[in-house]
Each structure stands twice: as C-alpha cells, then as structure tokens.
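Q: If you read the protein sequences in the order shown, they are chains A and B. Numbering-wise, my numbering puts 54 at position 54 of the first sequence, and it's gapless, one number per residue. Just add 114 to the spot in the second sequence (first one is 1) and you have my numbering.
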Amino acid sequence: ILNVEQSPQSLHVQEGDSTNFTCSFPSSNFYALHWYRWETAKSPEALFVMTLNGDEKKKGRISATLNTKEGYSYLYIKGSQPEDSATYLCAFRAGGTSYGKLTFGQGTILTVHP
Amino acid sequence: NAGVTQTPKFQVLKTGQSMTLQCAQDMNHNSMYWYRQDPGMGLRLIYYSASEGTTDKGEVPNGYNVSRLNKREFSLRLESAAPSQTSVYFCASSDRLADTQYFGPGTRLTVL
C-alpha cells in the first residue's frame with residue numbers, strides 16, 4: 001500500500017491570508033501527482049496534474065509545485081477567500097504495475113474565516 | 115452534458131441485503147472507477163475499469179463486484195451488505211488511465 005500523507009489535517013485562516021499545505025508521496029516509481037478541490041456536499045474537482053520534477057502549475061490564486069526526487073508537492077493559496085474553504089486532496093500515481101491506480105491522501109481541510 | 119451520474123443518491127439497507135449502485139458517464143471516457151470515502155480514511159479505490167470489457171481490483175475490493183456494462187456504464191454490486199460497508203461511494207471516469215478523474219455526486223449508503 002502506497003503512503004500518501006497530507007499536512008496539516010486542517011487549517012483555519014483569515015480572509016486575505018496566504019497559506020500552503022503539503023503532500024508527501026513515495027519518491028520512487030513516480031508517474032504523476034494530482035491535486036483536487038472538494039467542497040462540502042459536492043464532488044472532488046481536479047485542480048492540477050503534475051508529471052515533471054520542478055513542475056509549477058497555477059490557476060488563479062492557487063498554485064502548486066512538485067519535487068519528485070524528495071517526494072513532496074506544495075499547494076499555495078494567495079489571499080484566501082471564504083469560497084476557498086474546502087478539502088484539498090492530493091493523489092499519487094505510480095508507474096509500472098500500479099498503472100491506473102490513484103492513491104489519495106486524507107486531505108487538508110481549509111476553513112477561511114471572513 | 116451531465117458528466118458522471120450516480121443512482122441512487124441515498125440508500126439504507128439491512129445487513130445481508132444486496133443492491134447495485136449505478137454509474138454512467140457521457141464524456142466518452144475509457145476508464146471508470148469506484149471509490150469509497152470514510153471519515154479519516156480519504157478516498158479508497160474499490161475497483162476500476164481501464165476500458166470496456168476489463169475490470170481490476172483496487173485497494174479495498176472485498177465484498178464488492180463490478181460490471182462494465184458498456185463504455186458508458188460501470189456498476190458496483192454489494193451481494194450481502196455489512197455495516198462495515200456504510201460509506202459514501204463515488205464513481206469517477208477519465209479519458210485514459212489515471213488522467214484527470216471526473217467524479218459523480220456520490221451515493222450515501224447506510225447498512226443497519
């Protein structure tokens with residue numbers, strides 16, 4: 001079973017604060033790292049798919065970086081807004097025999113207070 | 115374009131009853147997946163189908179069976195429900211294996 005860890009488990013910030021959280025994954029046999037945003041009572045929605053070491057992706061105020069050699073990815077939110085409140089999931093895809101399977105972390109629950 | 119749809123949205127079963135959760139996608143995706151989501155456990159893969167006609171076990175397949183009926187539909191069957199199968203079940207699809215996955219709205223299942 002692959003170990004995908006996210007930290008912190010939960011985070012409370014004030015509107016306007018910038019914040020970041022971490023996804024750790026196995027550094028061997030890497031294929032891709034996904035980030036999803038999951039709002040309460042909705043379904044997870046894809047934010048980014050990252051495949052190359054050093055990748056940086058950006059979508060509005062949200063960005064992500066990837067370090068496959070050391071096995072971590074950071075998600076950054078600049079100037080958090082209440083509508084950013086959600087659970088942020090990362091998911092690791094290994095190559096080889098694990099082809100096709102995503103292993104999800106437990107998520108970071110972000111609450112942005114007005 | 116409805117994306118991924120799931121039925122039913124809610125279901126209550128008694129221990130030992132059987133039921134089938136239905137999933138359909140209209141995005142012409144090749145791959146489909148079933149996950150369960152439990153508090154503190156994240157999303158865990160039950161079964162997946164790389165393409166029409168193929169299915170494979172995921173992380174937690176025990177107690178479940180699946181059928182890839184055609185390219186659009188992927189059903190999950192509980193033959194004899196147990197309280198441990200109380201969970202929220204999500205179906206997802208992707209264009210190729212483990213590319214961006216698109217999720218359905220979920221089915222909340224309670225087994226008494």
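No residue lacks a Cβ here, since even glycine has one placed at the ideal position from N, Cα and C.
Between the Cα of Gly167 (chain B) and the Cα atoms of B:Arg150, B:Asp152, B:Val174 and B:Glu187, which residue gives the shortest distance?
A: In the second sequence, counting from the first residue as 1, residue 167 (chain B) sits at position 53. Among B:Arg150, B:Asp152, B:Val174 and B:Glu187, the Cα nearest to that of Gly167 (chain B) belongs to B:Glu187.
Q: Along the stretch 125-150 of chain B, what residues have a CB closer than 9 angstroms to any CB found in chain A?
A: Hits within the stretch, in order: Ser145, Tyr147 and Tyr149.
Q: In chain A, what lies closer than 8 angstroms to Thr214 (chain B) by C-beta?
A: Here residue 214 (chain B) corresponds to residue number 100 of the second sequence, with the count starting at 1. What Thr214 (chain B) touches in chain A: His34, Ala46 and Val49.
Q: For Glu56 (chain A), which beta-bridge partners are listed by DSSP?
A: Here residue 56 (chain A) corresponds to residue number 56 of the first sequence, with the count starting at 1. Glu56 (chain A) is bridged to A:Thr65.
Q: For a contact meaning CB atoms closer than 8 angstroms, what does Phe30 (chain A) contact in chain B?
A: If you number the first sequence from 1, residue 30 (chain A) lands on position 30. Within chain B, no residue comes near Phe30 (chain A); the closest Cβ sits about 12 angstroms away, beyond 8 angstroms.
Q: Using a Cβ cut-off of 8 angstroms (strictly closer), state whether Leu223 (chain B) contacts chain E.
A: Absent here is chain E; the protein component of the structure consists of chains A and B.
Q: Does DSSP put Glu83 (chain A) in a helix, a strand or coil?
A: Here residue 83 (chain A) refers to the residue found at position 83 of the first sequence. Glu83 (chain A) falls in the helix class under three-state DSSP.
Q: Going straight from the alpha carbon of Pro8 (chain A) to that of Gln215 (chain B), what length do you get?
A: What you label residue 8 (chain A) is simply residue 8 of the first sequence in a count that begins at 1. What you label residue 215 (chain B) is simply residue 101 of the second sequence in a count that begins at 1. Between Pro8 (chain A) and Gln215 (chain B), the C-alpha separation is close to 24 angstroms.
Q: Three-state secondary structure (DSSP) at Gly16 (chain A)?
A: Locating residue 16 (chain A) in the first sequence gives position 16, where the first residue counts as 1. Looking at Gly16 (chain A) - three-state DSSP - the assignment turns out to be coil, as it is neither helix nor strand.
Q: Residues of chain A with CB closer than 9 angstroms to the CB of Tyr203 (chain B), please, in chain order.
A: For the purposes of this step, residue 203 (chain B) is identified with residue 89 of the second sequence, where counting begins at 1. Under a criterion of Cβ atoms nearer than 9 angstroms, no residue of chain A is adjacent to Tyr203 (chain B); the nearest Cβ is some 12 angstroms distant.
Q: Among the candidates A:Ala64, A:Lys101, A:Glu45 and A:Ala86, whose CA atom is the shortest distance from the CA of Asn53 (chain A)?
A: Here residue 53 (chain A) refers to the residue found at position 53 when the first sequence is read from its first residue. The closest CA to that of Asn53 (chain A), considering only A:Ala64, A:Lys101, A:Glu45 and A:Ala86, is found on A:Ala64.
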